[in-house]
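Novice: Let me begin by handing over the structure; questions about it come next.
There are 2 protein chains.
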Amino acid sequence: MYRTHTCGDLRISDNNKNVTLAGWVQTVRKFGSITFVDLRDRYGITQLLFSENLNAALDANPLGREYVLQVKGTVNERSSKNANIPTGEIEITVTEFKILNKSAVPPFTIQDDTDGGDDIRMKYRFLDLRRNAVKKNLELRYSINRSARNYLHANNFMDIETPFLIKSTPEGARDFVVPSRMNPGQFYALPQSPQTFKQLLMVSGYDRYYQIVKCFRDEDLRADRQPEFTQIDCEMAFVEQEDIINMFEGLVKHIFKDVKGIDYTDFVDRMTWEDAMWQYGNDKPDIRFDMKVCNLKKPATVFTDKKDNADLINGVDFKVFDEAETVVAIAVPGCSEYSRKQTDELTEWVKRPQIGMKGMVFIKANADGTFKSSVDKFYSEDKLKAIADAASAKAGDLILILAGAEERTRKAISDLRMYMAERLGLRRDDEFKLLWVIDFPLFEYDEEGNRWVARHHPFTAPKPDHINIMINNDPAIKDATKYLEHPYANIKANAYDMVLNGNEVGGGSIRIYQRELQEKMFAALGMDAEEQQHKFGFLLGAFEYGAPPHGGIAFGFDRLCAIIGGSEGIRDFIAFPKNNSGRDVMLDAPATIDDRQFAELQIKLDLKD
Amino acid sequence: MYRTHTCGDLRISDNNKNVTLAGWVQTVRKFGSITFVDLRDRYGITQLLFSENLNAALDANPLGREYVLQVKGTVNERSSKNANIPTGEIEITVTEFKILNKSAVPPFTIQDDTDGGDDIRMKYRFLDLRRNAVKKNLELRYSINRSARNYLHANNFMDIETPFLIKSTPEGARDFVVPSRMNPGQFYALPQSPQTFKQLLMVSGYDRYYQIVKCFRDEDLRADRQPEFTQIDCEMAFVEQEDIINMFEGLVKHIFKDVKGIDYTDFVDRMTWEDAMWQYGNDKPDIRFDMKVCNLKKPATVFTDKKDNADLINGVDFKVFDEAETVVAIAVPGCSEYSRKQTDELTEWVKRPQIGMKGMVFIKANADGTFKSSVDKFYSEDKLKAIADAASAKAGDLILILAGAEERTRKAISDLRMYMAERLGLRRDDEFKLLWVIDFPLFEYDEEGNRWVARHHPFTAPKPDHINIMINNDPAIKDATKYLEHPYANIKANAYDMVLNGNEVGGGSIRIYQRELQEKMFAALGMDAEEQQHKFGFLLGAFEYGAPPHGGIAFGFDRLCAIIGGSEGIRDFIAFPKNNSGRDVMLDAPATIDDRQFAELQIKLDLKD
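Those protein sequence lines, which keep their order, are chains H and C.
Sequential numbering of the first sequence, starting at 1, is according to my numbering.
Sequential numbering of the second sequence, starting at 1001, is according to my numbering.
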């Protein structure tokens, strides 16, 4: 053993002990004839004191940053104590030292506020991982992992490993594939999730399954996506939606308690997908703050059960609103005194291509009770007040109004709401607000193919009282322009998403467990009997031998860790992440393979020019 | 919720409770006007009683094997109790029932002694997993997983996930590769182990790492190999061999205690690789029984420190021994009365191609103190006695002697020893014997390339006092016939294998952590500087920035589970295993992929007719 204690162990109660430590040189400070060294390891930092008698040895073996050092010495009380670190009352008076390994000068400083840019830190990830900021993230990740396992174990869940080399059944996302040398011309696929396996386990009677497991999706990467990612994957048999919601609300609350010390006792609200879209323009609303969407005008074809406030804006011949499909507003708290420059900035913001609005209307609900707007020539102060009231604005608020095509405008108001919340500091890292979003549409319309696609996945069951709508109707869409009138458009899924602070951290559903219904689902998605058999014959087969009712959920583990860690970027919660091109710049992977490998796999490249 | 209790919950103390159960119909037995049903789930079996009043309903909805059934009813004391099951004192008097799902007749019986062959059980794996025998294995696997995690957590190890999409650096085994769509012409590899990543984590200061993780090797499969397998992968910094041995002996003892209730307090022996080969002909000896190898004759070039008993067999002009490189014997306890037929059978056994011996000599150490052999015309009874004594034979033992080329003969005597132990019932499933094998050769000679290959892997350090032999000598082998005289042939590795009941369940080493030594190792394996940089530049780079001394171990989790479960076949300890052609016959994977996938990946097939 190279050490008797770690660099985080020793306290004043260890005074006079003879100890051996090993770690990395964080800093070297020479004061006259004595030298102080901060020695660092995973557990902390301990101050070392090299007295005059070691000067010759130090001259012969000079210490540098990040050198690996072993010292023997005695624990002594410090003269000048450091209250900021747990070992701050003591130091080690070194009697012997040995350099275990040298270090070149690191390309960036190993400190919380490092001088290294993203690229260099990714290339030297093994050095970046030494930084306390990154270490804390990985420690948090492990705590969450451990906490989740303990909860699931206590609730009778079994961790059962499912295979990684499976069959390619591309549905939504693209599969990564693996050529099989022993079966030339054939390929395995890496799992996008263990979905069908966990369902088979339910058929096999393992009624509570979990796994913390890598999954793979070959998608074009956005900033916050990785080609390989980790799920907390769970499934239960003999359950209904309510059972799943209770069990997994419990899981997240357990994690909050374990890793953040937070007693999350609030009731977790449930919101239908339709309400979420209506009130927040978003199916994963951040409910830490209010600013609900005021629907001033909606198209006739959607939200058919909802009532808009079109009477408040109609009849003044304001073409922008009159010609828009949708007009929506939010009341931004306390911003009525925004200057012209500031409102112009917001207008520019919503006109950016990512948002895509043509302009923005605002109403200032002044502190003195008056109203002022960018559309004063169309709307009287009374009308402005009525709109402001509809948007639940209080004196001092700034009402922002967007108008345009339904889908784009609704997304834009949601983006604007989030942007304003960010600006106003309403999205606090240390505040956690859970929400279940339920009753998603089962199908989405695919314009290109004029057909239905599964919004969640093809194994999600319809709401119990919508099963017959699915069974009794032909999924074919005769008139593409009237797809919204097709009975399938209104089938709701028995599905649920867990939303944390405006992020979807988990999602799942009650599954189909009847062969006929599953076949109907596959058919609705455009799969003929042969394709069904080829891709999912094993599952259809399994459903013939006594499949129990079942359902489950999967949490995006990387994102869950990031959000609990107070960040929305997942990359620093992954030990060895890939960049946006799917490259590991440290390894320099992916890379070419050699001719022998091509020959053995019986494949060759077929590069487009 | 579909049930108030599981099928394993209810006891006589629940008498008169109204309950709801759900599960699978195991058996249906009709006695006159009443019907008994055994209802099964993961937790047990509960007897259901359908009285006369339900006959009409049962006629309308007949129950079959493996139907999924929900019942409401009352817990009652049974008239005829079943002491074999925990719920055996009660039954449920059913008031209502509902068939949740029907089942076709399963292709084999869902019982411990099933009538299904291997192939059909693999195809219908979801049904095979219902059998108690398989379920117990998966439950054991989960218990071991949980126990290992708890021990490692208590010892400050952190579970840190390493990537699955890495870089192909084929050394020993073949990599599975994954074409990258986003980087056309380039491939990821699936990890054969997280070896280099865990070493990087040590460089990063995470001094105790573990992971229970899938690994991948594209090898031709033997009966007991899987293309994907699971490791308990561990690494520690600032440690020497002794630290690792203590920590992981502790792990396995902890598992024994947790999952088998066994207090393994015996000292775990350590045996050098040389002693293991000398005494057992095998580097993973089963030491539950004795039958050590008696070395009657060895070649001059190997085991140079060991003394054989050549004087006992020489000088009688027995050509078979005189011309053999190696002559080895074992004394099989209590078999001196084997008939001619039985010894002939053994001779045939060693002549099988897998063993490859030309014949077998035997000596019977009769119970009356006399000796009789198949070579009586060459050896006097005194000489036979001397050989028997050298083999530690007691009266009543049968001494079996093999002669031939060193490598093959030594393996053959080991195989024969194991075969005889199996025959004699000396390999007991419920007896566990651990052993560390240490001091392996660092290199193996590769005849084809006339060069060295790493016996363990290229990151294993030599024994501390052998480092200089490695540094100070040129690895090139000038004279292939004299490779054994090359200084590298005698370098021992700082490596250790954990052997359990004759199976290697874990293996590891202290690693190289100095850049120069690692470069020397790569060079010894025939890698020039460019290739080193291309394949392992990141690791060599990391070693420049303060790499600490470190080492680790990996346990073959599938095998560990199997052996603790009293089996040597790993397949039934894996939920969804592949067959010997690497196929998942349930999924029918691997399979062809479609043209769009080929086009996107920019590869095509290149099949040899």
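No residue lacks a Cβ here, since even glycine has one placed at the ideal position from N, Cα and C.
All of these numbers come straight from a predicted model, not from anything done at the bench.
Rounded to whole angstroms, how far is the Cβ of Arg1121(C) from the Cβ of Met1158(C), which I believe are closer than 8 Å?
Specialist: For the purposes of this step, residue 1121(C) is taken as the residue at position 121 of the second sequence. For the purposes of this step, residue 1158(C) is taken as the residue at position 158 of the second sequence. Rounded, the Cβ-Cβ distance is 39 Å, inconsistent with contact.
Novice: How many whole angstroms separate the CB atoms of Ile1092(C) and Thr1074(C), which I take to be in contact at a CB cut-off of 8 Å?
Specialist: Counting from one through the second sequence, the residue named residue 1092(C) turns up at place 92. Counting from one through the second sequence, the residue named residue 1074(C) turns up at place 74. The Cβ separation is near 7 Å, so the contact holds.
Novice: Just checking my contact of Val19(H) with Val37(H) at CB under 8 Å: how many whole Å lie between their CB atoms?
Specialist: In the first sequence, counting from the first residue as 1, residue 19(H) sits at position 19. In the first sequence, counting from the first residue as 1, residue 37(H) sits at position 37. Rounded, the Cβ-Cβ distance is 15 Å, inconsistent with contact.
Novice: Cβ closer than 9 Å: which chain H residues qualify as neighbours of Gly1205(C)?
Specialist: Within the second sequence, the letter at position 205 stands for residue 1205(C). In chain order: Gly23, Trp24, Arg40, Asp41, Arg42, Leu129, Arg130, Lys135.
Novice: Looking at the C-beta of Leu560(H), does it have a partner C-beta in chain C at a distance below 8 Å?
Specialist: In the first sequence, counting from the first residue as 1, residue 560(H) sits at position 560. It does not; no Cβ of chain C falls within 8 Å.
Novice: Please report the Cβ distance between Arg1225(C) and His153(H), rounded to the nearest whole angstrom; I am assuming they are in contact, meaning their Cβ atoms lie under 8 Å.
Specialist: To locate residue 1225(C), count along the second sequence from 1; it is residue 225. To locate residue 153(H), count along the first sequence from 1; it is residue 153. About 30 Å separates the two Cβ atoms, so there is no contact after all.
Novice: Identify the contact partners of Thr1542(C) in chain H, using a Cβ-Cβ distance below 7 Å as the criterion.
Specialist: For the purposes of this step, residue 1542(C) is taken as residue 542 along the second sequence, with counting starting at 1. The identity of residue 1542(C) in the sequence shown is Ala, whereas the question assumes Thr. Under the 7 Å cutoff, chain H gives Phe126.
Novice: So what's Asp263(H) in DSSP terms, helix, strand or just coil?
Specialist: Taking the first sequence and counting its residues from 1, the one referred to as residue 263(H) is at position 263. Note: Asp263(H) maps to coil in three-state DSSP.
Novice: Can you find at least 3 beta carbon pairs, one from the region 1482 to 1491 of chain C and one from the region 1441 to 1456 of chain C, that sit closer than 8 Å?
Specialist: Judged by Cβ distances under 8 Å, the region 1482 to 1491 of chain C makes contact with the region 1441 to 1456 of chain C, as three or more pairs qualify.
Novice: Is the shortest distance between the beta-carbon of Ser414(H) and the beta-carbons of chain C less than 8 Å?
Specialist: Position 414 of the first sequence, counted from the first residue, corresponds to residue 414(H). Taking Cβ atoms only, chain C never reaches closer than 8 Å to Ser414(H), which makes this a no.
Novice: Quick one: which chain H residues come within Cβ less than 7 Å of Glu1249(C)?
Specialist: Position 249 of the second sequence holds residue 1249(C). Those do not exist, as Glu1249(C) stays about 15 Å from chain H at its closest Cβ, beyond 7 Å.
Novice: Alpha carbon to alpha carbon, how far is Pro549(H) from Asp1113(C)? Give it in angstroms, no decimals.
Specialist: The residue you call residue 1113(C) lines up with position 113 of the second sequence. The residue you call residue 549(H) lines up with position 549 of the first sequence. Whole-angstrom Cα-Cα distance: 28 Å.
Novice: Kindly say whether His1153(C), judged by its beta-carbon, lies nearer than 8 Å to any beta-carbon of chain H.
Specialist: Here the question's residue 1153(C) lines up with position 153 in the second sequence. Chain H, which has a Cβ nearer than 8 Å to the Cβ of His1153(C), makes this yes.
Novice: Note down, in chain order, every chain H residue with its Cβ under 7 Å from the Cβ of Gln1186(C).
Specialist: Within the second sequence, the letter at position 186 stands for residue 1186(C). Going along chain H in sequence order, the residues near Gln1186(C) (Cβ under 7 Å) are Pro590, Ala591, Thr592.
Novice: As an exercise, report each continuous beta strand (DSSP E) stretch of at least 3 residues that is fully enclosed by the region 1073 to 1138 of chain C, in chain order.
Specialist: List check, beta strand (DSSP E) in window: 1090 to 1101.
Novice: Pull up the distance between the alpha-carbon of Glu219(H) and that of Gln192(H), whole angstroms please.
Specialist: In the first sequence, the residue the question calls residue 219(H) occupies position 219. In the first sequence, the residue the question calls residue 192(H) occupies position 192. So the two alpha carbons sit approximately 11 Å from each other.
Novice: At 9 Å on the CB atoms, spell out the chain H contacts of Gln1211(C), in chain order.
Specialist: As a first step, residue 1211(C) must be located in the second sequence, where it is residue number 211. Per Cβ cutoff of 9 Å: no residues; Gln1211(C) is ~10 Å from chain H at best.
Novice: Suppose contacts are defined by Cβ-Cβ distances below 8 Å. Is Leu1048(C) in contact with Val1105(C) by that definition?
Specialist: By one-based count along the second sequence, residue 1048(C) stands at place 48. By one-based count along the second sequence, residue 1105(C) stands at place 105. No, the Cβ-Cβ distance between Leu1048(C) and Val1105(C) is not below 8 Å.
Novice: So is Gln354(H) buried or exposed if we call it buried at 16+ other beta carbons inside 10 Å?
Specialist: By 1-based counting over the first sequence, the position of residue 354(H) is 354. Answer is exposed; the Cβ neighbour count stays below 16.
Novice: What residues of chain C sit near Met1(H), judged by a beta carbon separation below 9 Å?
Specialist: As a position in the first sequence, residue 1(H) is number 1, starting the count at 1. What Met1(H) touches in chain C: Phe1238, Val1239, Glu1240, Glu1242, Asp1243.
Novice: Under 8 Å between the Cβ atoms of Gln1241(C) and Tyr1496(C)?
Specialist: Residue mapping note: residue 1241(C) aligns to position 241 of the second sequence, counting from 1. Residue mapping note: residue 1496(C) aligns to position 496 of the second sequence, counting from 1. The answer is yes: Cβ separation under 8 Å.
Novice: Can you tell me where the alpha helix (DSSP H) holding Tyr419(H) begins and where it ends?
Specialist: As a position in the first sequence, residue 419(H) is number 419, starting the count at 1. First-last of the alpha helix (DSSP H) with Tyr419(H): 406 to 423.
Novice: Classify Pro1227(C) as buried or exposed, calling it buried when 16 or more other Cβ atoms lie within 10 Å of its own Cβ.
Specialist: Indexing the second sequence from 1 puts residue 1227(C) at position 227. With 16 or more other Cβ atoms within 10 Å, it is buried.
Novice: Does the Cβ-Cβ distance between Arg417(H) and Gly356(H) come in under 8 Å?
Specialist: The count along the first sequence starts at 1 and reaches residue 417(H) at position 417. The count along the first sequence starts at 1 and reaches residue 356(H) at position 356. Not closer than 8 Å, so no.
Novice: Excluding the 5 residues flanking Arg1270(C) on each side, which residues of the same chain have their C-beta closer than 7 Å to its C-beta?
Specialist: Position 270 of the second sequence, counted from the start, is the residue given in the question as residue 1270(C). These residues qualify, in order along the chain: Trp1436, Ile1438.
Novice: State buried or exposed for Arg1131(C), treating a residue as buried only when at least 16 other CB atoms are found within 10 Å of its CB.
Specialist: The sequence position of residue 1131(C) within the second sequence is 131, counting from 1. Under this definition Arg1131(C) is a buried residue.
Novice: Please compile the residues from chain C whose C-beta is within a distance smaller than 8 Å of the C-beta of Asn183(H).
Specialist: Taking the first sequence and counting its residues from 1, the one referred to as residue 183(H) is at position 183. The answer, in chain order, is Ser1581, Gly1582, Arg1583, Pro1590.
Novice: When the Cα atoms are used, what is the spatial distance from Asn610(H) to Leu1601(C)?
Specialist: Residue 610(H) is absent from the structure shown; chain H starts at 1 and stops at 609.
Novice: Output yes or no for whether 8 Å exceeds the beta carbon distance between Asp1041(C) and Gly1064(C).
Specialist: Numbered from 1 along the second sequence, position 41 holds the residue referred to as residue 1041(C). Numbered from 1 along the second sequence, position 64 holds the residue referred to as residue 1064(C). No, Cβ-Cβ distance for Asp1041(C) and Gly1064(C) is not below 8 Å.
Novice: Based on the DSSP output, what are the partners of Lys1297(C) in its beta bridges?
Specialist: Sequence index remark: in the second sequence, residue 1297(C) carries index 297 (1-based). According to DSSP, Lys1297(C) bridges with Val1327(C).
Novice: Report the three-state DSSP secondary structure of Ala1060(C) (helix, strand or coil).
Specialist: If you number the second sequence from 1, residue 1060(C) lands on position 60. The answer is helix: DSSP assigns Ala1060(C) an H, G or I state.
Novice: Which whole runs of the alpha helix (DSSP H) in the region 1457 to 1490 of chain C are 4 residues long or more, in chain order?
Specialist: Complete alpha helix (DSSP H) runs here, min 4: 1467 to 1472.
Novice: Taking 8 Å as the threshold, find out whether the region 1381 to 1399 of chain C comes into contact with the region 1294 to 1310 of chain C through three or more Cβ pairs.
Specialist: With a cut-off of 8 Å, the region 1294 to 1310 of chain C and the region 1381 to 1399 of chain C count as touching, because enough Cβ pairs lie within range.
Novice: Can you tell me where the alpha helix (DSSP H) with Ala1575(C) in it begins and where it stops?
Specialist: As a working note, residue 1575(C) is residue 575 in the second sequence. Taken as a continuous stretch (DSSP letters only), Ala1575(C) belongs to no alpha helix (DSSP H), as it is neither H nor E.
Novice: Mind pulling the chain C residues with CB within less than 9 Å of Lys30(H)?
Specialist: As a working mapping, residue 30(H) is identified with position 30 in the first sequence. Under the 9 Å cutoff, chain C gives no residues; its nearest Cβ is about 20 Å from Lys30(H).
Novice: Along the region 154 to 166 of chain H, what residues have a CB closer than 9 Å to any CB found in chain C?
Specialist: Against chain C - using a Cβ distance shorter than 9 Å - the residues of the region 154 to 166 of chain H are Asn156, Met158, Asp159, Ile160, Glu161, Thr162, Pro163, Phe164, Leu165, Ile166.
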